[in-house]
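Chemist: The structure's right below; bear with me while I get my questions together.
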Amino acid sequence: MPVLRGSVTFARFRLASGKPPADARRFARALARGAFEPLDLERGEDDRATGFVRLDDADAIDFSSGVLERGRALFAWRVDALLIKAAAVRAELGRWAAAFEREHGRLPARGEKATAKDQIRHQLRRRAEPSSRTSDVSWNLERGELQIWAASRKTVEECAAAIEAAFELKLEPASVSAQAVRRDIPEAALAPTAELMGLAAEEVGRGQA
Amino acid sequence: MGKREQAREEAAFLRGDVGVDGAATAADDRDAAEKERDQAREQLLRGRTWLGRELLTWLLWRSESGDPVVAVEGAEVVPLFVGKVLLRGLAGEVVELSARGDAAAYSTQVKHALQGGLLVHQARLRFTLGERSFEATLDAEFLDVRSAKLPELLTDEEDDRAAERLALCEELGAIVDAIVASFLEERASTAWRRRTVPALLAWMGATAGGRRAASDR
Numbered sequence: 001m002p003v004l005r006g007s008v009t010f011a012r013f014r015l016a017s018g019k020p021p022a023d024a025r026r027f028a029r030a031l032a033r034g035a036f037e038p039l040d041l042e043r044g045e046d047d048r049a050t051g052f053v054r055l056d057d058a059d060a061i062d063f064s065s066g067v068l069e070r071g072r073a074l075f076a077w078r079v080d081a082l083l084i085k086a087a088a089v090r091a092e093l094g095r096w097a098a099a100f101e102r103e104h105g106r107l108p109a110r111g112e113k114a115t116a117k118d119q120i121r122h123q124l125r126r127r128a129e130p131s132s133r134t135s136d137v138s139w140n141l142e143r144g145e146l147q148i149w150a151a152s153r154k155t156v157e158e159c160a161a162a163i164e165a166a167f168e169l170k171l172e173p174a175s176v177s178a179q180a181v182r183r184d185i186p187e188a189a190l191a192p193t194a195e196l197m198g199l200a201a202e203e204v205g206r207g208q209a
Numbered sequence: 210m211g212k213r214e215q216a217r218e219e220a221a222f223l224r225g226d227v228g229v230d231g232a233a234t235a236a237d238d239r240d241a242a243e244k245e246r247d248q249a250r251e252q253l254l255r256g257r258t259w260l261g262r263e264l265l266t267w268l269l270w271r272s273e274s275g276d277p278v279v280a281v282e283g284a285e286v287v288p289l290f291v292g293k294v295l296l297r298g299l300a301g302e303v304v305e306l307s308a309r310g311d312a313a314a315y316s317t318q319v320k321h322a323l324q325g326g327l328l329v330h331q332a333r334l335r336f337t338l339g340e341r342s343f344e345a346t347l348d349a350e351f352l353d354v355r356s357a358k359l360p361e362l363l364t365d366e367e368d369d370r371a372a373e374r375l376a377l378c379e380e381l382g383a384i385v386d387a388i389v390a391s392f393l394e395e396r397a398s399t400a401w402r403r404r405t406v407p408a409l410l411a412w413m414g415a416t417a418g419g420r421r422a423a424s425d426r
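Protein chains in written order, with my numbering: chain R, 1 to 209; chain D, 210 to 426.
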């Protein structure tokens, strides 16, 4: 749990609109809307499963207690993914193509190959073991500042979008651009400074920057 | 073959970008230099990244004197660039440059690169507030906090330590926000082009005319 110990790496967000509930029960209900659901290897077709879990237990999705403490919400974002090695698909496909040629006396057509590739992928999928990762989330409800403790931008953006959907609010990153927009700085004043970028002013004006 | 390269190949195969024989399904005719330039331009434009780069470059200039740049809840913040600094730009032949060393960011080599139109894209910074100091790597695009070092925790209780650690992380966020606010105030004022940019260029050791001449070359 990086929130409590270990490497301090996080992305910051602020509330752009809407507000998270300060009441523990309503907060838990909102989290439950985006709760983690494991991959169904037998029936499902998805290769990724994502959702919220408890900070202290990545298998638990009961948020009824221990999430809101001292004005902060603490939970985690779990991502399970199935990785099917392309090399394994390629090897199986090669074997299938050789058998096809022996049987039919010709090379498989593009469409036949694509169908076989899908079937092979499906078989390998059922044997694959999903990898699992969790990223902590801390949310200061008084200041409206959210921290997603992940280094991967994809994870950060996926988690932020899930929070927006579950809590029906809008988040904005803590980037310089977002802060400039929040301060109502006119668009014209935000154009790149040509002199600093080694470009002529006309190049920036023409949108070449 | 390296792990990363293997993963890239696998992803391309699964996306259908390359066939079973490893050959591309659709060819990209652009030459390497053109691809690199397009990539550099895309990195700069994405989310107005130039603002973050200008911020970090401005902060490098402001921090060289060792004077405080902003105050957060009454405490003056003295920033210092420590360790590795990554520069990126569009003009000229070099689109990315990395400098490593204790005071690498303040070296003449880095200033020379800034003169050539590169700006600071990522840097390791130390923020000193009285006797306490925070350290973090910041990037221009998102201002994400990476591998931060926080001041020593003062409490012993496990729960209190967690709360203190989170409060320190939020304080680090507030320091970064205060610096951004100070930068934006200056950036949006008429003084930016009249005073700040010429002073920045003079610090780098170039005049605007000289810089243009250099980029034309």
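Cβ atoms here follow ideal geometry from the backbone N, Cα and C, with glycine treated the same way.
1) Shortest alpha-carbon distance to GLY414(D) belongs to which of TYR315(D), GLY283(D), LEU260(D) and LEU264(D)?
2) Consult DSSP for ARG295(D) and reduce its assignment to one of helix, strand or coil.
3) Just list the residues that DSSP pairs TRP149(R) with in beta bridges.
4) Would you say ALA109(R) touches the ligand GTP, meaning its beta carbon is less than 6 Å from a heavy atom?
5) Per DSSP, which one or two residues make a beta bridge with LYS358(D)?
6) Per the DSSP calculation, PHE10(R) is bridged to which residue(s)?
7) Under the rule that 16 or more other beta-carbon atoms within 10 Å means buried, what is LEU199(R), buried or exposed?
8) Classify ASP247(D) as helix, strand or coil using the three-state DSSP reduction.
9) Express the C-alpha separation of ALA97(R) and ASP80(R) in angstroms, rounding to a whole number.
10) Helix, strand or coil for GLY71(R)? Go by DSSP, reduced to three states.
11) By a C-beta neighbour count over all protein chains shown, 10 Å radius and 16 as the cutoff for buried, is GLY6(R) buried or exposed?
12) With VAL53(R) and ILE61(R) assumed to form a contact (beta carbons below 8 Å), what rounded beta-carbon distance in angstroms separates them?
13) Which chain R residues sit within Cβ distance under 9 Å of LEU410(D)?
14) Output, in sequence order along the chain, the residues in the region 156-176 of chain R whose CB is closer than 7 Å to any CB in chain D.
15) What whole-angstrom Cβ distance do VAL329(D) and THR266(D) have, given they're in contact under 8 Å?
16) Could you check if PRO20(R) is buried or exposed, using at least 16 other CB atoms within 10 Å of its CB as the buried criterion?
17) Could you say which of ASP247(D), LEU264(D) and LYS244(D) lies nearest to GLU350(D) if we only look at CA atoms?
18) Name the chain D residues whose beta carbon is nearer than 8 Å to that of ILE120(R)?
19) Where ALA189(R) and VAL385(D) are concerned, what is the direct C-alpha to C-alpha distance, given to the nearest angstrom?
20) Would you identify the three-state DSSP class for ASP56(R), choosing helix, strand or coil?
21) With GLU367(D) as the anchor, note down where its alpha helix (DSSP H) starts and where it stops.
22) Along chain R, in chain order, which residues have C-beta atoms closer than 9 Å to that of ALA266(D)?
23) Give every residue of the same chain whose Cβ lies closer than 8 Å to the Cβ of GLU373(D), excluding the five residues on either side of it in the sequence, and list them in chain order.
24) With distances taken from CA atoms, which of ARG271(D), TRP259(D) and GLN248(D) is nearest LEU409(D)?
25) Output yes if chain R places a C-beta closer than 7 Å to the C-beta of ALA357(D); else output no.
26) Using a beta-carbon distance below 7 Å, is ARG182(R) in contact with chain D?
27) Return the chain-ordered list of same chain residues with a C-beta closer than 6 Å to the C-beta of SER356(D), the five sequence neighbours on each side being excluded.
28) Which one of SER391(D), ALA397(D) and PRO288(D) has the shortest CA to CA distance from ARG341(D)?
29) DSSP three-state label for PRO407(D), please.
30) Can you say whether GLN331(D) is buried or exposed, counting buried as having 16 or more other CB atoms within 10 angstroms of its CB?
31) For SER131(R), I'd like the list of residues in its chain whose CB is within less than 6 Å of its CB, leaving aside the five on either flank, ordered along the chain.
32) On the three-state DSSP scale, how would you describe SER131(R)?
33) Considering only DSSP beta bridges, list what TRP77(R) is partnered with.
34) Would you grab the beta carbon distance between PRO431(D) and LEU377(D) for me? Rounded to a whole angstrom, and I think it's under 8 Å.
35) Who are the Cβ neighbours of ASP425(D) in its own chain at under 6 Å, not counting the five residues just before and after it?
Modeler: Reading from the atomic positions:
1) Residue 414(D) sits at position 205 when you count from the first residue of the second sequence. When only C-alpha atoms are compared, the closest one is TYR315(D).
2) Taking the first residue of the second sequence as position 1, residue 295(D) is located at position 86. The question names Arg, yet the displayed sequence has Leu at residue 295(D). Here LEU295(D) sits in strand by DSSP.
3) If you number the first sequence from 1, residue 149(R) lands on position 149. BP columns for TRP149(R) point to ASP136(R).
4) You won't find the ligand GTP in this model; it holds no ligand whatsoever.
5) As a first step, residue 358(D) must be located in the second sequence, where it is residue number 149. GLU344(D).
6) On the first sequence, residue 10(R) is found 10 positions in, with the first residue counted as 1. According to DSSP, which records beta bridges pairwise, PHE10(R) is partnered with VAL354(D).
7) To locate residue 199(R), count along the first sequence from 1; it is residue 199. That one is buried.
8) Within the second sequence, the letter at position 38 stands for residue 247(D). Here ASP247(D) sits in helix by DSSP.
9) Position 80 of the first sequence holds residue 80(R). Position 97 of the first sequence holds residue 97(R). Rounded to the nearest angstrom, the two C-alpha atoms are 32 Å apart.
10) For the purposes of this step, residue 71(R) is identified with residue 71 of the first sequence, where counting begins at 1. Of the three classes helix, strand and coil, the one that applies to GLY71(R) here is coil, per DSSP.
11) The residue you call residue 6(R) lines up with position 6 of the first sequence. The residue is exposed, with fewer than 16 neighbouring Cβ atoms inside 10 Å.
12) For this step, residue 53(R) is matched to residue 53 along the first sequence. For this step, residue 61(R) is matched to residue 61 along the first sequence. 6 Å between Cβ atoms; contact.
13) Within the second sequence, the letter at position 201 stands for residue 410(D). Correct list: GLU195 and LEU196.
14) PRO173, ALA174, SER175 and VAL176
15) Within the second sequence, the letter at position 120 stands for residue 329(D). Within the second sequence, the letter at position 57 stands for residue 266(D). Indeed they touch by this definition, with Cβ atoms about 5 Å apart.
16) Within the first sequence, the letter at position 20 stands for residue 20(R). Buried, by the Cβ-count rule.
17) The residue you call residue 350(D) lines up with position 141 of the second sequence. Closest by alpha carbon: LEU264(D).
18) As a position in the first sequence, residue 120(R) is number 120, starting the count at 1. Under the 8 Å cutoff, chain D gives no residues; its nearest Cβ is about 11 Å from ILE120(R).
19) Your numbering for residue 189(R) matches position 189 in the first sequence. Your numbering for residue 385(D) matches position 176 in the second sequence. Between ALA189(R) and VAL385(D), the C-alpha separation is close to 21 Å.
20) Reading the first sequence from its first residue, position 56 is the one you call residue 56(R). ASP56(R) falls in the coil class under three-state DSSP.
21) Residue numbering aside, residue 367(D) sits at position 158 when the second sequence is read from its first letter. Residues 367-397.
22) To locate residue 266(D), count along the second sequence from 1; it is residue 57. Contrary to the premise, residue 266(D) reads as Thr rather than Ala in this sequence. Result: LEU196.
23) To locate residue 373(D), count along the second sequence from 1; it is residue 164. LEU362, LEU363 and THR364, listed in sequence order.
24) Taking the second sequence and counting its residues from 1, one reaches residue 409(D) at position 200. Of the candidates ARG271(D), TRP259(D) and GLN248(D), the one whose C-alpha sits nearest the C-alpha of LEU409(D) is ARG271(D).
25) Locating residue 357(D) in the second sequence gives position 148, where the first residue counts as 1. It does; some Cβ of chain R falls within 7 Å.
26) The residue labelled residue 182(R) in the question sits at position 182 within the first sequence. By this cut-off, ARG182(R) is not an interface position.
27) Position 147 of the second sequence, counting from 1, holds the residue named residue 356(D). Result list for SER356(D): THR346, in chain order.
28) Sequence index remark: in the second sequence, residue 341(D) carries index 132 (1-based). Looking at the Cα atoms, PRO288(D) is the closest of the given residues.
29) Mapped onto the second sequence, residue 407(D) falls at position 198. If DSSP states are grouped into helix, strand and coil, PRO407(D) belongs with the helices.
30) Your numbering for residue 331(D) matches position 122 in the second sequence. So GLN331(D) ends up on the buried side.
31) As a position in the first sequence, residue 131(R) is number 131, starting the count at 1. Same-chain partners within the cutoff: ALA81.
32) Walking along the first sequence from the start, residue 131(R) turns up at place 131. Residue state, collapsed to three classes: strand.
33) For this step, residue 77(R) is matched to residue 77 along the first sequence. Beta-bridge pairing links TRP77(R) to PHE52(R) and SER135(R).
34) With chain D represented from 210 up to 426, any question about residue 431(D) goes unanswered, as that position is not in the structure.
35) By one-based count along the second sequence, residue 425(D) stands at place 216. With a pLDDT of only 45 at ASP425(D), under the threshold of 50, the placement of this residue in the model should not be trusted, and no figure is reported.
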